[in-house]
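As you go down the protein sequences, you meet chains A and B in turn. End of the first sequence sits at 43 in my numbering; the numbers just go up one at a time, nothing left out. End of the second sequence sits at 425 in my numbering; the numbers just go up one at a time, nothing left out. Quick reminder that beta carbons are idealized off the backbone N, C-alpha and C, glycines included. Remember, predicted model here, so these are calculated numbers, not experimental data. Each remark here refers to the structure printed beneath this line.
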Amino acid sequence: STIVLVFEAPSAEHDEAGRHTGGWQWCVEKGQRVKVGQALGRI
Amino acid sequence: PGASSKVQDSRIRWYPIPVGLGVGFLGLVQFYKVYTREQEKQAQDELEQRPKRRRRVRPEGPWQVQIMSTLPLKAMSRLWGRLNELTLPTFLRVPGFRLYSFIFGVNLDEIEETDLRKFPNLAAFFYRTLKPGARPLDMDPNALLSPADGRILQFGQIEGGDIEQVKGMTYTIDALLGQNSPTPSISSQTPLDQPPKPSLHELEGDEELVKQEAEFARVNGISYTLPYLLSGPTKRRKSSLDQPKDESVTPSAAAVSEVRAELALGEPSWLHYLSPGSRHVLYYAVIYLAPGDYHRFHSPTNWVVERRRHFAGELYSVSPYLQRTLPGLFTLNERVVLLGRWRWGFFSYVPVGATNVGSIKINFDRELRTNSLTTDTAADRAAEEAARRGEPYLGYVEATYEGASAVLRGHALRRGEEMGGFQLG
Numbered sequence: 001s002t003i004v005l006v007f008e009a010p011s012a013e014h015d016e017a018g019r020h021t022g023g024w025q026w027c028v029e030k031g032q033r034v035k036v037g038q039a040l041g042r043i
Numbered sequence: 001p002g003a004s005s006k007v008q009d010s011r012i013r014w015y016p017i018p019v020g021l022g023v024g025f026l027g028l029v030q031f032y033k034v035y036t037r038e039q040e041k042q043a044q045d046e047l048e049q050r051p052k053r054r055r056r057v058r059p060e061g062p063w064q065v066q067i068m069s070t071l072p073l074k075a076m077s078r079l080w081g082r083l084n085e086l087t088l089p090t091f092l093r094v095p096g097f098r099l100y101s102f103i104f105g106v107n108l109d110e111i112e113e114t115d116l117r118k119f120p121n122l123a124a125f126f127y128r129t130l131k132p133g134a135r136p137l138d139m140d141p142n143a144l145l146s147p148a149d150g151r152i153l154q155f156g157q158i159e160g161g162d163i164e165q166v167k168g169m170t171y172t173i174d175a176l177l178g179q180n181s182p183t184p185s186i187s188s189q190t191p192l193d194q195p196p197k198p199s200l201h202e203l204e205g206d207e208e209l210v211k212q213e214a215e216f217a218r219v220n221g222i223s224y225t226l227p228y229l230l231s232g233p234t235k236r237r238k239s240s241l242d243q244p245k246d247e248s249v250t251p252s253a254a255a256v257s258e259v260r261a262e263l264a265l266g267e268p269s270w271l272h273y274l275s276p277g278s279r280h281v282l283y284y285a286v287i288y289l290a291p292g293d294y295h296r297f298h299s300p301t302n303w304v305v306e307r308r309r310h311f312a313g314e315l316y317s318v319s320p321y322l323q324r325t326l327p328g329l330f331t332l333n334e335r336v337v338l339l340g341r342w343r344w345g346f347f348s349y350v351p352v353g354a355t356n357v358g359s360i361k362i363n364f365d366r367e368l369r370t371n372s373l374t375t376d377t378a379a380d381r382a383a384e385e386a387a388r389r390g391e392p393y394l395g396y397v398e399a400t401y402e403g404a405s406a407v408l409r410g411h412a413l414r415r416g417e418e419m420g421g422f423q424l425g
C-alpha cells in the first residue's frame, strides 16, 4: 500500500550560495524510512 | 342409422383440429416467452460485462506485468482478505504472529495489545494499534508530518502537471486526482451572494462546537476560495451504497470574483489552484508501506477534507519493483482521493490500495466501501451510462463532506490524528 500527498506550499527560496532562505524545505531523502509523526518537510 | 354414423365419424375427425391449434398456440406463446427471457438475459450479461472490458486498461510493461494484468486481481484480493479473517486456533497464534513479525520486521514491543493470543487472525494483527506515545509528533508546528510508517519512494515539486513515479516515469496529476472540472452551475444556480447556510451544530444550538470550529479555522489559517468553490454545488454520484442526499453548498461571497476569473481561464487543472502571481507551487511525496509496517494512517497536518473521490480501479501490487516497471501504477490502482485545504492552500491525501491490502478504511466516512463487488458493479454501470450518453467516464464516485460545519465546510483533521488504514483483502 502507498500514500501519495499532493499539496500547495510556498516555493523554496535560496540565496546565491544555494542555502535555503525561506519557503518549503524537505527534511527527508529518497529511500529513507519514516514513521508516523516524523517531519517530511517544513516551511 | 348410416347417415347418423357418418355425421358422428366426421365430428370425431374434426375434434383434433381445434385442440391442435390450441396446443400449438400455447406452445408458440411459451416459446416466445422463453426466447424473450433468453434475449433479455443475454443483453443483461453483455451490459454487465462490457464496462468491465472497457474499464480494464492493459498496461504497458515487461512480461511479468502483462501476465499480472490478465489475473483477476480484485477477486484474488477479496479471497485473500476472507482467508485472513478466519479465526486461528489459539495455540497457533503466538508462533504464527511471531513468525510473521520475524519475516516482515514487525516491532512487537510497540504494539498496544501485548497478548498476541488476543488477535483472532492475521487481519486483526495486521490492523494493530500502537501504544500511546509510540509515535511522537514533530514539535515544529510548521512541519508536515509523515502520515504513516514506511519508506519515502519519491518526493519533489510538480512541474507541468507531472508527478514523477520512480526511475523517471511520470504520470499526470489529473490522472491521479481526477479532472478538476467546475460544474457550470456555479454561475447559474449557486446563490453566491447569499450568506452560508447554518451548520448542523448551529441548528442544534451547539455554540461551543461552532466556536471550536471557528477557532480551528482561524488558528490554521484555512480559507475557502478556489478549491471549495470550483467543486460547485456538488451532488453525489451515487453508488448503490450511498444514501440519496442533496448536498448543495453556498460559498462565501468574498471569492465570487476570484472564482469567475478562474473559470475564465478555460479548462481548469489542479495547477490553477495556485493563486496567479503567488509564489506557491505544488509538491508531492510518495510513501510506501511494507507488509510489516503499522498500517493505520494519520493526518500529516491540520487541514479540512472537503471531498472524497473513490477510483475503483485495479489492485496491482505497489511494490517498489512494480513501481519501477509499471508506468502510471498509482493511476491504475483503486484509490481514495481526499481533497481539501490547509493553511497554505490546496491539500490532497491519496491512499492507494494493493493486491494484498485492497481495503482502504476512512474513519470519518462510513459509506466508503473499497475492494467491493458492489462498488465495482456500480462503477461499471456508471461507465456504461456515461458511454450511453456519449460522455467520458470520469472513473470515480465523489462525495462531499460539507454540511457538518458552516465554518469549516468539511471534515477537520488535526495533525497526528488517525484517519483510517489499510486492511488485508
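- Assigned with DSSP and collapsed to three states, A/R19 falls in coil, not helix or strand.
- Boundaries around B/Y283 are those of the beta strand (DSSP E), 280 to 288, since no alpha helix (DSSP H) includes it.
- In the displayed model, B/G27 falls within a helix according to three-state DSSP.
- Of the other Cβ atoms in all chains shown, 16 or more fall within 10 Å of the Cβ of B/P300; this residue is therefore buried.
- Per DSSP, the unbroken alpha helix (DSSP H) holding B/A383 starts and ends at 373 to 388.
- If you check each beta-carbon in the segment 338 to 352 of chain B against every beta-carbon of chain A, the ones closer than 8 Å belong to W342, W344, G345, F346, F347, S348, Y349, V350, P351, V352.
- Within the same chain, Cβ atoms closer than 6 Å to the Cβ of B/D376 are found at A312, the five residues on either side in sequence being excluded.
- Residue burial is scored here from C-beta neighbours: B/W14 has fewer than 16 other C-beta atoms within 10 angstroms and is therefore classed as exposed.
- The beta carbons of B/G425 and B/K361 sit about 12 Å from each other, so the pair does not count as a contact at 8 Å.
- DSSP lists B/E314 as the beta-bridge partner residues of B/N333.
- Separation of the CB atoms of B/P351 and A/S1 is rounded to 7 Å, and the pair is thereby assigned contact status at 8 Å.
- Those residues of the segment 16 to 42 of chain A placed with their C-beta closer than 8 Å to a C-beta in chain B are G23, W24, W26, C27, V28, E29, K30, G31, Q32, R33, V34, K35, V36, G37, Q38, A39, L40, G41, R42, ordered along the chain.
- Judged by their CB atoms, B/Y100 and B/F330 are not nearer to each other than the 9 Å cut-off.
- Chain order gives the chain A residues near B/A148 as I3, V36, where near means a beta carbon separation below 7 Å.
- Taking each of B/N84, B/V106, B/Q323, B/G105 in turn and checking the Cα distance to B/L122, the smallest one comes out for B/N84.
- Around the CB of B/R308, 16 or more other CB atoms lie within 10 Å, so the residue is classed as buried.
- When C-beta atoms of the segment 30 to 41 of chain A are compared with those of the segment 125 to 144 of chain B, three or more pairs fall below 8 Å, so the two segments count as touching.
- Between B/Y349 and A/L5, the C-beta spacing is below 9 Å.
- If you look at B/T400, you'll find it isn't in any alpha helix (DSSP H); it sits in the beta strand (DSSP E) that goes 397 to 400.
- When DSSP reads this structure, B/Q66 sits in no beta bridge, so it has no partner.
- Residue contact with chain A for B/H310: absent (no Cβ-Cβ distance below 9 Å to any residue of chain A).
- Around B/L322, the same chain offers Y316, L329 as residues with beta carbons nearer than 7 Å, after the five sequence neighbours per side are excluded.
- In the three-state reduction of the DSSP assignment, B/I17 falls in the helix class.
- The beta-carbon separation of B/E314 and B/N333, rounded to 6 Å, stays under the 8 Å limit for a contact.
- Below the 8 Å Cβ cutoff, chain A contributes T2, V4 as neighbours of B/F330, in chain order.
- By a beta-carbon distance limit of 8 Å, B/A43 does not contact B/I152. Their separation comes to about 50 Å.
- Separation of B/F104 and B/R98 (C-alpha to C-alpha, rounded to the nearest whole angstrom) is 10 Å.
- Between B/L339 and B/E306, the CB-CB gap stays under 9 Å.
- For a Cβ distance threshold of 8 Å, nothing in chain A lies close to B/R324: the least Cβ distance comes to about 13 Å.
- Our two residues, B/G160 and B/K33, have alpha carbons roughly 59 Å apart in a direct line.
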